[in-house]
Amino acid sequence: MKRSFTSDSGRVVSYEDIGDPNGRLPVLFLHGTPGSRLQLELLPAVLRNGLRWIAFDRAGYGASDRQPGLTMTEVAATGEVLANHLGLDAFHVLGFSGGGPYALACARAMPGRVRTVHLASSPGPAELPGVRSAFGLQDHVIFILVRHAPWLFRALLRLRMAGVQRRPERFVAQFAAKMTTQDHALLTAPDVLAKLCDDLREALRQGTAGMADDFAVLNRPWPFRLEDIRVPVHVWQGAQDHVNRLQVGLAMAAHLPTAQLHLLESGSHTLLLTHATEIRAALDQDAALAASH
1 MKRSFTSDSG
11 RVVSYEDIGD
21 PNGRLPVLFL
31 HGTPGSRLQL
41 ELLPAVLRNG
51 LRWIAFDRAG
61 YGASDRQPGL
71 TMTEVAATGE
81 VLANHLGLDA
91 FHVLGFSGGG
101 PYALACARAM
111 PGRVRTVHLA
121 SSPGPAELPG
131 VRSAFGLQDH
141 VIFILVRHAP
151 WLFRALLRLR
161 MAGVQRRPER
171 FVAQFAAKMT
181 TQDHALLTAP
191 DVLAKLCDDL
201 REALRQGTAG
211 MADDFAVLNR
221 PWPFRLEDIR
231 VPVHVWQGAQ
241 DHVNRLQVGL
251 AMAAHLPTAQ
261 LHLLESGSHT
271 LLLTHATEIR
281 AALDQDAALA
291 ASH
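Residues 1 to 293 (the UniProt record's numbering) make up the sequence shown, in order.
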């Protein structure tokens, strides 16, 4: 059920709070790009059951008010206000795909409250050695347009995403066709496809402005160094990921002082779904360690 709160700046932020409120430490989930709080519905039962999961729509997505000039620091601040609103003293953070950088930003902003970070198929900062060289053609085009012609990028994005809210299954099919056979089979399965379409409709409820803001944040220099993150970080990287490629995960793990790299040889961009059992085991281990301290 959608809930909302008002941020310090007066913006309305929508969120979901599901699962066991009396379970182990809750998990703050940062959705992908594009996406919404409804991505929680995609999580397999093995990952969801027995845990409390919280997700909020980033500014401009879903029912969250847009915030022009959005920054990564401001997204982390929204996460902190939500944690205060819910009375959370400690929690884990999991960022999927485009949500990964924001998960790290939350750890940087709240090192005393974030117990562990899990990055699932996350992009890295373009300035990090090994990241830009892993860009595909589309990544390079987005990077150049966002930094040098943001007005053109926004216009092209509106054209690219026109009609997606009405026919999201077409967008999913086009996206899946560029991915691995494993990803394609998973994303086009009827139950997963239905949830993906719901998420896309919600993500683009206000149009593409929130998505464009998201890309702008992710492609600008990050406001912190990976070396400054002191919270334990699990880097979940699929060797078959064609979106955020293997060398990105390796570079991230090499520069995060407390990183534990989980290199999944059969994993692709959808490893959050296909390798949910391994991620849940790591979350349970994290919770047990937190409880012993």
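Cβ coordinates follow ideal geometry from the N, Cα and C atoms, glycine included.
> Can you give the Cα-Cα distance for R132 and R52, rounded to whole angstroms?
Replying inline: Per the coordinates, the alpha-carbon of R132 lies some 36 Å from the alpha-carbon of R52.
>> Spatial neighbours of T116 within its chain, please: C-beta separation below 6 Å, excluding the five flanking residues on both sides.
In response: Only H92, P232 and D286 meet the Cβ criterion.
>> Contact between the segment 195-214 and the segment 149-165 is defined here as three or more beta-carbon pairs at a separation below 8 Å; is this criterion met?
In response: Inter-segment contact for the segment 195-214 and the segment 149-165 is present: three or more beta-carbon pairs are separated by less than 8 Å.
> What number of angstroms, rounded off, separates the C-alpha of Y15 from the C-alpha of M72?
Replying inline: 18 Å
> So D65 and S36 are in contact, right, with Cβ under 8 Å, and what is the actual spacing, rounded?
Replying inline: In fact, because the Cβ distance is near 14 Å, the residues do not count as touching under 8 Å.
> Given that a residue counts as buried once 16 or more other Cβ atoms are within 10 Å of its Cβ, and exposed if not, what is S9?
Replying inline: exposed
>> Quick check on M1: buried or exposed, where buried means 16 or more other Cβ atoms within 10 Å of its Cβ?
In response: exposed
>> Suppose only complete runs of 3+ residues qualify. What are the beta strand (DSSP E) ranges in the segment 25-105, listed by chain order?
In response: For the segment 25-105, whole beta strand (DSSP E) runs of length 3 or above, ordered along the chain, are 27-30, 52-56 and 91-96.
> How far does the beta strand (DSSP E) with D17 in it reach, from first residue to last?
Replying inline: Its beta strand (DSSP E) spans residues V12 to G19.
>> Between T277 and G267, how many whole angstroms is the CB-CB distance? I'm expecting something under 8 Å.
In response: For a cut-off of 8 Å, the C-beta gap from T277 to G267 is around 12 Å, too long to register as a contact.
> Looking only at C-alpha atoms, which of H269, L256, A63 and A281 sits nearest to L38?
Replying inline: A63
> Would A216 pass as a contact of P150 if the rule is Cβ separation under 9 Å?
Replying inline: yes
>> Using DSSP's beta-bridge definition, name the partner residues of H140.
In response: Note: H140 sits in no beta bridge, so no partner.
>> Need the endpoints of the alpha helix (DSSP H) that W236 sits in, please.
In response: W236 -> not in any alpha helix (DSSP H); beta strand (DSSP E) instead, spanning V233 to G238.
> How should G100 be labelled, buried or exposed, when 16 other C-beta atoms within 10 angstroms of its C-beta is the threshold for buried?
Replying inline: buried
>> Going by beta-carbon coordinates alone, are L187 and L196 separated by less than 9 Å?
In response: yes
> Rounded C-beta distance between T33 and M211? I'm assuming under 8 Å.
Replying inline: 7 Å
>> Less than 7 Å between C-beta atoms, sequence neighbours within five positions excluded: which residues of the same chain meet that for Y102?
In response: L30, M72, V75, A76 and G95
>> My output table needs one value for F153: the three-state DSSP class, helix, strand or coil.
In response: helix
> How long is the line joining the alpha carbons of R113 and P26, rounded to whole angstroms?
Replying inline: 11 Å
> Apart from the five residues on each side of it in sequence, which residues of its chain come closer than 6 Å, Cβ to Cβ, to Q260?
Replying inline: H234
> The alpha helix (DSSP H) spanning Q206 covers which residue range?
Replying inline: Where Q206 is concerned, there is no enclosing alpha helix (DSSP H), given that its DSSP letter is neither H nor E.
> Under 9 Å between the Cβ atoms of H262 and Q237?
Replying inline: yes
>> Buried or exposed, going by whether 16 or more other CB atoms sit within 10 Å of the CB of Q174?
In response: Counting Cβ neighbours within 10 Å, Q174 comes out exposed, since fewer than 16 surround it.
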